[in-house]
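Taking it in order: structure first as structure tokens, then the write-up.
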Amino acid sequence: MSAPSLGKDLVGLEPLSADQIRLILDTAEPFKEVSERPIKKVPALRGKTIVNLFFEPSTRTRISFEFAEKRLSADTVNVATAGSSVSKGETLVDTARNLEAMRIDMVVIRHGSSGAAQFLGHRIRSNVINAGDGKHEHPTQALLDILTLRDRFRKIEGLKVAICGDILHSRVARSNIWGLTKLGAQVAVCGPATLLPRNVHELGVTVLPRIEDAIQWADALNVLRLQLERMHAGFLPSLREYNRVFGVTTERLAKAPRDLLILHPGPMNRGVEIDSDVADGPHSVILPQVTNGVAVRMAVLYLLAGGSPDWSQQTGGVD
Amino acid sequence: MRPILIQGGRVIDPSRNTDEVTDLLLRDGKVEALGRDLGTPDGAELVDAAGKVVAPGLIDLHVHLREPGQEDLETVASGAMAAAAGGFSAVCAMPNTDPVTDNQAAVGFIVSQAQRAGKARVYPIGAISLGQKGQQLAEFGELVGAGAVAVSDDGKPVVSSHLMRTALEYARTFGIPVADHCEDPTLAAGGAMHEGLVSTRLGLKGVPAAAEEIMVARDILLAELTGGHVHLCHMSTRGSVELIRRAREKGLRVTSEACPHHFTLTHEACEGYDTNAKMNPPLREPEDREAIREALRDGTIDVICTDHAPHHYDAKEREFDDAPNGIIGLETALGLAITELVEGGVIDLPTLVARMSTTPARVFNLPGGTLAPGAPADVVVIDPAAPWTVDAETFYSKSRNTPFGGRELRGRADLTIVRGQAVFRRTPPGGRASD
Chain F
1 MSAPSLGKDL VGLEPLSADQ IRLILDTAEP FKEVSERPIK KVPALRGKTI
51 VNLFFEPSTR TRISFEFAEK RLSADTVNVA TAGSSVSKGE TLVDTARNLE
101 AMRIDMVVIR HGSSGAAQFL GHRIRSNVIN AGDGKHEHPT QALLDILTLR
151 DRFRKIEGLK VAICGDILHS RVARSNIWGL TKLGAQVAVC GPATLLPRNV
201 HELGVTVLPR IEDAIQWADA LNVLRLQLER MHAGFLPSLR EYNRVFGVTT
251 ERLAKAPRDL LILHPGPMNR GVEIDSDVAD GPHSVILPQV TNGVAVRMAV
301 LYLLAGGSPD WSQQTGGVD
Chain A
1001 MRPILIQGGR VIDPSRNTDE VTDLLLRDGK VEALGRDLGT PDGAELVDAA
1051 GKVVAPGLID LHVHLREPGQ EDLETVASGA MAAAAGGFSA VCAMPNTDPV
1101 TDNQAAVGFI VSQAQRAGKA RVYPIGAISL GQKGQQLAEF GELVGAGAVA
1151 VSDDGKPVVS SHLMRTALEY ARTFGIPVAD HCEDPTLAAG GAMHEGLVST
1201 RLGLKGVPAA AEEIMVARDI LLAELTGGHV HLCHMSTRGS VELIRRAREK
1251 GLRVTSEACP HHFTLTHEAC EGYDTNAKMN PPLREPEDRE AIREALRDGT
1301 IDVICTDHAP HHYDAKEREF DDAPNGIIGL ETALGLAITE LVEGGVIDLP
1351 TLVARMSTTP ARVFNLPGGT LAPGAPADVV VIDPAAPWTV DAETFYSKSR
1401 NTPFGGRELR GRADLTIVRG QAVFRRTPPG GRASD
């Protein structure tokens, strides 16, 4: 049986087929168990070298990738650079060439410019994994969101997911839109009109202008982090007003026709886009998302390195 | 200087409504005569133009030649040679050089560099404001005295409506147009491409069409207020075309230009973060492209210009957000215009010659654009059917930043004559230069 492969890089979910997305999710399932073992390590990527190249600050995503790599026995190096490469003097293409010269196997890149992961992937032979590029995509975040939804609802097809908040600047929103729609979910976006991108309905999503509408409609809410600098850039009058008009609160959720699953990619602004009692409440899967993040990233690393989906049947390392 | 007799070509001169197969005699740097049986003057060079188009040399009102300041990208000489190879006998150089062309010495420098190069004519455009800072008017009188043919702060919009008003009023004294790069900087801030579905998918900050149209509307209102001549640079949107059409119906002194990339490509060209498709104004939507084509057909937009903007390959080899705007255009403009507009059924060859030669000469009040006896012997011989493939490596320009590499085009210049002298001859493949 020939399973679909992922190709060389994972730059986003837009270029992937539904089968490729399912392959990653299915491969992640057995990797969940690895993290529950007393010795959380398999030899799948033994001897592989991976660079985590972070041009933007990140705690959660970087640590999640690093755990995924270490649990697969890869050798890893973290490079964290504040600001864009241009302001540092060295261009991204020079950075890429240097990495190439060091014969590393994989690069995980987080960068402030949309397209940076694809740019790197086109210029080096190593596998490139996008850990978030500008406002473009954050594919592993969407994959862990979808895996978490699948854990709870058993299937994605027909599910109604509302993505709430700053859609305009969100790579998480874009990757979720692609991934969910490809798997047959119905997707809505909800947020202030100033934070919705032009022509967003042409991506195959419904636009819901009010959070109350989203709560009436959805099976699950994916509540995005509101970047505080958006207020200073004039997109919003105040955080207080944002919470009053768009915040996901217990009072609003009480009017939902059914129990809503609550996702949030973190880090949260408690009391802004989400109230604490919702974030910590019984329908929140915010921490299971984090757990799933490691499994999904293990699956992506493993598949790009050329592993086959039935790794758990194998006894030794994979090369 | 040998006389040149161009024989048997289809001579197109929109200035006199000429379109006939005939001969053209150039002598002493001027057009001497048009017609059959002109005789062969002693020592004349004979050019066989059978199957070719003979037209007044093309004129590009909008190029960036990067000298002084960025001579690694382009020089007056290399730009003038690239122009000649593209069929242009004259180009107008924008003042966003380093230092800015905002004084008579800077204008004189470009004039002298162009004379030394001896290829296409290069007419400097002076800055509207000192240092293109948008505050204090440059000395238009001295700029014009040194050879400037227009003023513009191109690359930057004139943000202050007051400054634009005074520029339009003051320029009337000298009979020159004020050319404006129309862009509302607060709407365009941080934008990397057109705002639409593609920018949404790519996660790039978009520039809405309204950023251009707001300034087009303002400039039209100021042209009405002042009676000055405003020339709107590189129009790219359907809304701009509609505004210009209304202004023309009112008889205002509003002229405008459009670039081959805006009548050829759309924002889809930015897919894959291709930085050679990054320019300002950005590539727009199919409806905008259609509106630009229609405006070039009906004359709402007067002229085709290139906005030739050389950049080093390193500068384009980076993240889309950080790559500079602009593409080179001198050596592809004619081929794109013939392929897209003439073969595409939008305009005929005489209209093309009008948009690329006769009308540009009128808009900026330049010599040329005509084959009337006594006019400067600035002539282009075009092979309108020649198929060719764009290969930037063969360009005379020092830069290679074009989104058209590998594109198959029809039509190009075979011979460009300036002041009665051949400044460019296409060497046939595998052969010697044609006589």
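So the protein lines, in turn, are chains F and A. With my numbering applied, the first sequence covers 1 to 319. With my numbering applied, the second sequence covers 1001 to 1435. For each residue, glycine too, the CB sits at the ideal point set by N, CA and C.
Query                                                                                                                       : Result
Contact with chain A by A18/F, beta-carbon distance below 9 Å                                                               : no
Run of the beta strand (DSSP E) containing K991/A, from where it starts to where it stops                                   : No information on residue 991/A is available, as it lies outside the stretch 1001 to 1435 that chain A covers here.
Meets three-Cβ-pair contact criterion under 8 Å: the stretch 205 to 221 of chain F and the stretch 229 to 242 of chain F    : no
Beta-carbon contacts of E29/F that lie in its chain and below 8 Å, excluding the five residues immediately before and after : A295
is_contact[G47/F, chain A] using C-beta, thresh 9 Å                                                                         : no
Beta-carbon gap between A254/F and H264/F smaller than 9 Å                                                                  : no
Rounded C-alpha distance that separates Y1396/A from V1076/A                                                                : 12 Å
Three-state class that DSSP yields for Q1481/A in the structure shown                                                       : For chain A, the structure presents residues 1001 to 1435; residue 1481/A sits outside this window and is missing.
Per-residue DSSP class, three states only, for G1008/A                                                                      : strand
Bridge-paired residues (DSSP) for R1121/A                                                                                   : A1090/A
C-beta contact flag for L1330/A and A1083/A at 9 Å                                                                          : yes
Any chain A beta carbon closer than 9 Å to R97/F                                                                            : no
Residues of the stretch 1201 to 1212 of chain A whose Cβ lies closer than 9 Å to any Cβ of chain F, in chain order          : R1201, L1202, G1203, L1204, K1205, G1206 and P1208
E1183/A versus T1389/A - alpha carbon distance                                                                              : 34 Å
Chain A residues whose Cβ lies nearer than 8 Å to that of S113/F                                                            : E1319, F1320, D1321 and D1322
G1345/A classed as buried or exposed, judged by whether at least 16 other C-beta atoms fall within 10 angstroms             : exposed
For K160/F, three-class secondary structure by DSSP                                                                         : strand
Three-state secondary structure assigned by DSSP to V1100/A                                                                 : coil
CB-CB length for S1015/A against V1380/A, believed under 8 Å                                                                : No, S1015/A and V1380/A are not in contact; Cβ-Cβ is about 14 Å, not under 8 Å.
Own chain, CB closer than 6 Å to I1006/A, minus 5 neighbours either side, in chain order                                    : L1024, V1047, A1049 and V1054
With 16 other Cβ atoms within 10 Å as the buried cut-off, status of V79/F                                                   : exposed
Within-9 Å CB hit, S1240/A to chain F                                                                                       : no
Residues near L196/F in its chain [Cβ-Cβ closer than 7 Å; skip 5 each side]                                                 : I167, L168, V189 and V207
Straight-line Cα distance separating R37/F from A44/F                                                                       : 16 Å
Beta-carbon neighbours of E1195/A, restricted to chain F and to distances below 7 Å                                         : R198
Entirely enclosed alpha helix (DSSP H) segments - the stretch 1015 to 1088 of chain A, minimum 4 residues                   : 1076 to 1085
Proximal residues of chain A, C-beta to C-beta of L92/F below 7 Å                                                           : R1318 and E1319
Segments assigned beta strand (DSSP E), at least 3 residues, entirely inside the stretch 1196 to 1263 of chain A            : 1230 to 1232 and 1254 to 1258
Whole alpha helix (DSSP H) elements within the stretch 1281 to 1343 of chain A, 4-residue minimum                           : 1286 to 1298, 1313 to 1316 and 1333 to 1336
Three-state secondary structure (DSSP) of S1129/A                                                                           : strand
Own chain partners of S1199/A with C-beta closer than 6 Å, once the 5 adjacent residues on each side are dropped            : M1193 and G1206
Secondary structure, beta strand (DSSP E): runs of 3+ residues fully inside the stretch 42 to 119 of chain F                : 49 to 54, 75 to 80 and 106 to 111
Where the beta strand (DSSP E) containing P209/F begins and where it ends                                                   : No beta strand (DSSP E) contains P209/F, which DSSP labels as neither H nor E.
Backbone CA spacing between G1039/A and G1009/A [nearest angstrom]                                                          : 16 Å
Between the CA atoms of W178/F and Q20/F - distance to the nearest angstrom                                                 : 13 Å
Cutoff 9 Å: Y302/F Cβ touching any chain A Cβ                                                                               : no
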